[in-house]
Amino acid sequence: MEFMLGCNYWDKKHGIDMWRDFDLEGIKKDVKMLEDIGIKYMRVFPNWRDFQPFYKVYAYQGQEKGYCDYNEQPLTNVQGIDYQQIENFKQFAAVCEEHGIKLVVSILTGWMSGRLYLPRGLEGKNALYDPEVLMWASRFIKGFVEGVKDCKNIVMWDLGNESNCLGAVNNAYEAYVWLTYVRNAIYAADPTRPISSGMHGLAPYVGNWWIQHQGEIVDYLTPHSYASPSVNNDFEPINQMRTTLLATAQCMYYEDLSGKPTILQEQGTFSQAFANADIAADYGRINILSSFVHGVKGWMWWCGANHSELMQPPYCHGMMERDLSLFTPDDKPRPIAHTMKEMRELIESLPFEELPKRDIDAVCVLTSSQETRQERWNCASASFVLGKQAGIEVSLPLPTTRQRLFPFRIPICIFCPALPAGRL
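Note that our numbering has the sequence shown beginning at 152, numbered continuously upward.
#1: With DSSP as the reference, identify every bridge partner of N315, one or two as the case may be.
#2: Assign W452 to one of three DSSP states: helix, strand, or coil.
#3: Count the other CB atoms, across all protein chains shown, that sit within 10 Å of the CB of Y377; report buried if there are 16 or more and exposed otherwise.
#4: Who pairs with L267 in a beta bridge, going by DSSP?
#5: Report buried or exposed for R485, applying the criterion of at least 16 other Cβ atoms within 10 angstroms of its Cβ.
#6: Under DSSP, the alpha helix (DSSP H) around Y192 begins and ends at which residues?
#7: Buried or exposed: which applies to W170, given that a residue is buried once 16 or more other Cβ atoms fall within 10 Å of its Cβ?
#8: So, at 7 angstroms on beta carbons, what are the nonlocal neighbours of G261 in its own chain, with the 5 sequence-adjacent residues on each side left out?
#9: Is it the case that the segment 474–492 contacts the segment 434–442, given that we only count it when at least three CB pairs across the two stretches are under 8 angstroms?
#10: Provide the residue span of the alpha helix (DSSP H) that contains C402, from first to last.
#11: Pull up the CB-CB distance for G358 and T373, whole angstroms please, since I reckon it's below 8 angstroms.
#12: If we count the other Cβ atoms within 10 Å of its Cβ and call it buried at 16 or more, is Q203 buried or exposed?
#13: What residues are listed by DSSP as bridge partners for A513?
#14: Mind checking S257: buried by the 16 CB within 10 Å criterion, or exposed?
#15: Alpha carbon to alpha carbon, how far is V328 from D281?
#16: Is it buried or exposed, V320, if we count other Cβ atoms within 10 angstroms and call 16 or more buried?
#17: For the segment 214–285, which segments carrying the alpha helix (DSSP H) assignment without a break, of at least 4 residues, lie completely within its bounds, in sequence order?
#18: Indicate the three-state DSSP secondary structure (helix, strand or coil) for A378 in the structure shown.
#19: Assuming S422 contacts G455 (C-beta within less than 8 angstroms), just tell me the rounded distance between them.
#20: Tell me whether T552 sits in a helix, a strand or coil according to DSSP, three-state version.
#21: Quick one: any contact between the segment 157–164 and the segment 449–464, if contact means 3 or more CB pairs under 8 angstroms?
#22: Within its chain, find whatever has a CB closer than 7 angstroms to the CB of G410; leave out the 5 residues flanking it on each side and keep chain order.
#23: Do V447 and C402 have their beta-carbon atoms positioned less than 8 angstroms apart in this structure?
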């Protein structure tokens with residue numbers, strides 16, 4: 152499989168409202184700029200709110216009276232799909248294909264950058280287990296996938312964007328049912344393409360969204376690794392060894408626990424205040440190369456186009472969502488853009504698509520009891536980074552029966568005690 156080096160994308164002029172205010176000429180300009188810096192893959196997002204625009208009609212004493220579209224007209228199809236948006240997406244995909252860019256499509260995009268984007272008819276409901284929401288989600292997936300699956304440059308479906316943020320579930324079983332339901336709906340409409348998770352913030356046998364369950368259900372897991380508190384990676388400068396290695400460590404953690412490959416689907420440096428342009432480029436270079444040599448299947452920057460001048464939500468209330476692009480506001484490539492082009496040319500110059508798998512020297516045996524997510528992750532990430540410093544390649548599985556019965560079949564066993572938050 153070719154290494155998927157690319158970026159996430161909303162257009163420059165409208166951001167998350169790009170489908171509501173579809174601007175094909177502006178998109179053409181964006182895509183040409185991305186092609187010029189060597190982007191060959193983009194992760195893109197059909198905003199659920201805009202592709203299935205319906206709301207519920209109420210009558211006497213609040214009785215439900217059916218559904219209509221946002222223009223107060225009866226729905227023209229049972230799926231509630233806006234077919235003009237399907238055509239818009241196909242035009243967008245055609246522009247990307249013309250410029251040699253392949254697409255990973257995050258289908259059920261109802262969460263983005265700190266805000267929910269559900270159809271009006273579903274607002275106020277739990278988007279993960281309410282039966283009415285699930286019915287409309289299934290209809291949306293079927294209508295959208297069948298509508299655009301003939302776009303040849305779509306190479307992968309994504310469940311959505313960090314869909315565990317859509318709502319709360321009561322336990323891991325409800326999460327499992329949602330994952331299976333959405334995955335099966337996609338597969339029923341198109342069994343020819345792989346399906347990735349689109350989620351971050353997973354854990355092994357802790358909480359409700361388990362890495363192992365993802366491994367059962369999807370083809371690729373997708374860490375969204377930033378230098379952030381979510382993975383205890385905000386304690387050292389971004390150009391230090393721990394900070395630059397923890398994204399790779401998280402990918403290996405997901406792979407070892409799930410048995411499935413990973414794509415580093417989102418990475419960035421939040422803002423110029425967090426890391427200047429040159430440091431951001433160095434951070435990107437290290438993580439691209441580290442991902443490639445560790446067998447991660449792709450690396451994507453957040454985000455492609457510049458959004459620093461947008462004023463609508465979420466840009467008006469989230470500073471970190473405004474300044475994460477590959478370009479300046481006047482469309483000049485930032486150093487990270489030049490770095491990505493250099494890395495693309497370097498990887499393409501190699502006489503192979505993938506390196507051999509790592510030779511594992513040691514295993515960090517993680518307990519399978521229900522301790523906190525961060526405690527187990529701290530053990531794993533510390534062992535991985537310290538192993539790198541010592542020239543030892545560490546695998547990060549939970550103990551299996553075979554390992555418990557025959558612990559000396561592996562060269563070294565590292566038992567790493569839990570570390571206080573922020574310590575390595």
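We put the beta carbon where it would ideally sit given N, CA and C, even for glycine.
In short:
#1: For the purposes of this step, residue 315 is taken as residue 164 along the sequence shown, with counting starting at 1. In the DSSP output, where bridge partners are listed per residue, N315 has none listed.
#2: In the sequence shown, residue 452 corresponds to position 301, counting from 1. The answer is strand: DSSP assigns W452 an E or B state.
#3: As a working note, residue 377 is residue 226 in the sequence shown. Answer is buried; the Cβ neighbour count reaches 16.
#4: For this step, residue 267 is matched to residue 116 along the sequence shown. According to DSSP, L267 bridges with W262.
#5: For the purposes of this step, residue 485 is identified with residue 334 of the sequence shown, where counting begins at 1. Around the CB of R485, 16 or more other CB atoms lie within 10 Å, so the residue is classed as buried.
#6: On the sequence shown, position 41 is the one that residue 192 refers to. The continuous stretches of alpha helix (DSSP H) do not include Y192, which lies in the beta strand (DSSP E) extending over residues 192–195.
#7: Counted from its first residue, the sequence shown places residue 170 at position 19. Buried, by the Cβ-count rule.
#8: Position 110 of the sequence shown, counted from the start, is the residue given in the question as residue 261. Correct list, in chain order: W199, L267, Y268, L269, A278, G311, L317.
#9: yes
#10: As a first step, residue 402 is located in the sequence shown; it is residue number 251 there, counting from the start. Per DSSP, the continuous alpha helix (DSSP H) segment holding C402 begins and ends at 392–409.
#11: Locating residue 358 in the sequence shown gives position 207, where the first residue counts as 1. Locating residue 373 in the sequence shown gives position 222, where the first residue counts as 1. Not quite, the Cβ-Cβ distance comes to about 17 angstroms (not below 8 angstroms), so this is no contact.
#12: Within the sequence shown, the letter at position 52 stands for residue 203. Buried, because 16 or more other Cβ atoms sit within 10 Å of the Cβ of Q203.
#13: Taking the first residue of the sequence shown as position 1, residue 513 is located at position 362. V545, per the DSSP bridge assignment.
#14: Numbered from its first residue, the sequence shown carries residue 257 at position 106. It counts as buried.
#15: Position 177 of the sequence shown holds residue 328. Position 130 of the sequence shown holds residue 281. Here the alpha carbon of V328 sits roughly 12 angstroms from the alpha carbon of D281.
#16: Along the sequence shown, one-based indexing puts residue 320 at 169. By the Cβ neighbour-count rule, V320 is buried, with 16 or more other Cβ atoms within 10 Å of its own.
#17: 234–249
#18: Mapped onto the sequence shown, residue 378 falls at position 227. DSSP places A378 in coil when its eight states are reduced to three.
#19: The sequence position of residue 422 within the sequence shown is 271, counting from 1. The sequence position of residue 455 within the sequence shown is 304, counting from 1. That pair is no contact at about 16 angstroms.
#20: Translated into positions along the sequence shown, residue 552 becomes position 401. Residue confidence for T552 is low, a pLDDT of 38 falling below 50, so the modelled location carries little weight; the figure read from the coordinates is stated next. In the structure shown, T552 sits in a helix (DSSP, three-state: H, G or I).
#21: yes
#22: As a position in the sequence shown, residue 410 is number 259, starting the count at 1. The answer, listed in chain order, is G366.
#23: Counted from its first residue, the sequence shown places residue 402 at position 251. Counted from its first residue, the sequence shown places residue 447 at position 296. Yes, these two residues count as a Cβ contact at 8 angstroms.
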